[in-house]
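So the structure is just underneath, and the comments pick up after that.
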Amino acid sequence: MKTIVFGGAFDPVHSEHISLAAAAVKELGAEKLVLVPTFSPGHKSNAEASFSDRVEMLKLAFSDFPVQTEISDVERISGKTNYTFEILPLIEKKYGEAFYLVGGDSLEHFSTWRHPEKILELTTLVADQREGFENSEKSAAEIFERYGKKVILLDHVGKRISSGEIKAELYFSEKPEGVPVAVYDYIRKNKLYSRYEAFIEKLKGYLTDKRFLHTKCVTCCAIALNSRHNLKLDYDKVFVAAALHDVGKYIKGDENSCPKDALGSPVEHQFVGAYVAEHDFGITDPEILSAIACHTTGKENMSLLDKLVYAADVVSYERNYEGVLELRAAIFDDFEKGFRKILYENYLHVAKSGDPVYPLTTKAVRYYEEN
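Residue numbers (the numbering used here): 22 to 392.
Structure representation (structure tokens):
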């Protein structure tokens with residue numbers, strides 16, 4: 022029986038998981054699908070929803086799947102941090118030889134997995150092509166050149182969607198488009214992904230409805246970029262920094278919360294925001310505070326988190342100014358080049374407007390021209 026094994030956190034399961042599995046089954050003529058939810062994934066932070074909740078969501082999502090489908094608890098039984106190369110022998114022992122299915126985004130970063138050579142000795146990788154990941158063929162060729170093993174590339178082109186971005190939408194009490202109705206109902210009924218509920222409710226008190234929408238879009242964009250480029254920034258740091266980036270937008274600054282030369286200027290709110298984040302929200306992480314405090318101006322030698330929040334703010338999903346599509350495409354294609362393009366274009370926009378360019382911005386542009 023031709024079997025496909027599909028592993029992942031499924032936190033939560035979404036429509037692209039289903040589409041990818043269906044495409045693989047159809048194109049390979051498989052007769053069985055084995056879903057392997059992680060128990061304690063080794064390549065990312067622990068899943069937020071419990072193993073049992075994720076299994077229940079998988080049952081709902083794959084309830085009418087066209088071939089025999091089984092959800093394996095092999096990782097739960099092991100009860101420890103699991104890597105794919107450790108789990109595959111257990112899977113093979115129970116189900117026999119199988120194909121291992123991954124998304125095109127995972128394929129691009131496959132060489133960073135623990136012992137990729139052992140994985141390829143145990144199974145044949147199958148991957149789709151993914152929106153925004155145009156290098157699937159290149160990644161497959163590199164794997165063959167490095168390990169001597171072929172990757173089966175599906176004709177299926179998956180949409181750009183991630184569980185991390187879906188979780189961010191759920192934290193903002195939104196119904197993500199990519200979550201099946203039955204799964205969403207289960208999430209709401211069992212109050213999953215609600216740990217930021219009090220935080221978000223408090224944040225609403227500082228923002229207008231329009232600014233709150235912008236904040237949600239910036240946060241989801243930042244989460245997506247972190248995942249897209251495998252930046253490996255802590256999920257919660259990204260979420261909090263992006264969510265609080267404009268928290269000072271409607272608060273007048275003073276000498277305690279803002280440098281004198283920024284008082285009353287368009288950049289005042291970034292400094293006030295960092296002050297409010299620290300004193301009203303209890304944020305003490307210097308990396309989060311830094312990202313908030315330079316998200317409008319930029320600065321010299323910015324951290325990855327600084328760059329991420331800065332860029333996500335400029336190209337957030339609801340923005341529709343002339344040129345934003347090009348900038349958004351640039352940052353999703355190449356993070357560092359995209360960031361530098363966004364910084365420079367932002368600088369030119371302010372300079373051409375006739376408004377004074379804040380010194381931090383001038384220094385930032387000069388720094389990245391020289392480094």
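Where a beta carbon is used, it is the ideal one built from N, C-alpha and C, also for glycine. Computed from a prediction, not measured in an experiment: that's the story for all the values here.
Q) Got a sec, what are the start and stop residues for the alpha helix (DSSP H) residue 359 sits in? A) 356-374
Q: Please classify residue 26: does DSSP put it in a helix, a strand, or coil?
A: strand
Q. Which value, in whole angstroms, describes the spacing of the CA atoms of residue 73 and residue 120?
A. 25 angstroms
Q. Based on Cα-Cα distance, which residue from 183, 281, 320 lies nearest to residue 243?
A. 183
Q: Sort 222, 356, 368, 151 by Cα distance to residue 38 and report the nearest one.
A: 151
(Q) Which same chain residues end up closer than 6 angstroms to residue 118 when comparing Cβ atoms and leaving out the 5 residues on each side of it in sequence? (A) none
Q) Under a CB-based cut-off of 9 angstroms, is residue 182 close to chain C? A) The question asks about chain C, but that chain is absent: this structure has only one protein chain.
Q) For residue 272, which residues of its own chain have a beta-carbon under 7 angstroms away from its beta-carbon, when the five flanking residues on both sides are left out? A) 293, 297
Q: Give me the Cα-Cα distance between residue 267 and residue 301, rounded to the nearest whole angstrom.
A: 14 angstroms
Q) Where do the N-terminal and C-terminal ends of the beta strand (DSSP E) with residue 179 fall, by residue? A) 173-179
**Q.** Span of the beta strand (DSSP E), counted from its first residue to its last, around residue 55
**A.** 53-58
Q.
Using only CA atoms, which one of 180, 157, 82, 179 lies nearest to residue 172?
A. 157
Q) What does a CB cutoff of less than 6 angstroms around residue 391 pick up in its chain, not counting 5 residues either side in sequence? A) none
Q. Going by the beta-carbon positions, is the gap between residue 175 and residue 140 smaller than 9 angstroms?
A. no
Q) Exposed or buried, what is residue 305 when buried is set at 16 or more other beta-carbons lying within 10 Å of its beta-carbon? A) exposed
(Q) Rounded to whole angstroms, what is the Cα-Cα separation between residue 124 and residue 375? (A) 47 angstroms
**Q.** Residues bridged to residue 98 (per DSSP)
**A.** Answer is none; residue 98 lacks a bridge partner.
Q) For residue 41, which of helix, strand or coil comes out of DSSP? A) helix
**Q.** DSSP-derived helix/strand/coil call for residue 120
**A.** strand
**Q.** Where residue 304 sits in the DSSP three-state scheme
**A.** coil
Q) Which class does residue 5 belong to by DSSP, given the choice of helix, strand or coil? A) This structure gives no information on residue 5, because the portion of the chain shown stretches from 22 to 392.
Q. According to DSSP, what are the bridge partners of residue 295?
A. The partner list for residue 295 (beta bridge, DSSP) is empty, contrary to what the question assumes.
Q | Unbroken beta strand (DSSP E) run spanning residue 149, endpoints | A | 145-151
Q. So, helix, strand or coil for residue 240, using DSSP?
A. helix
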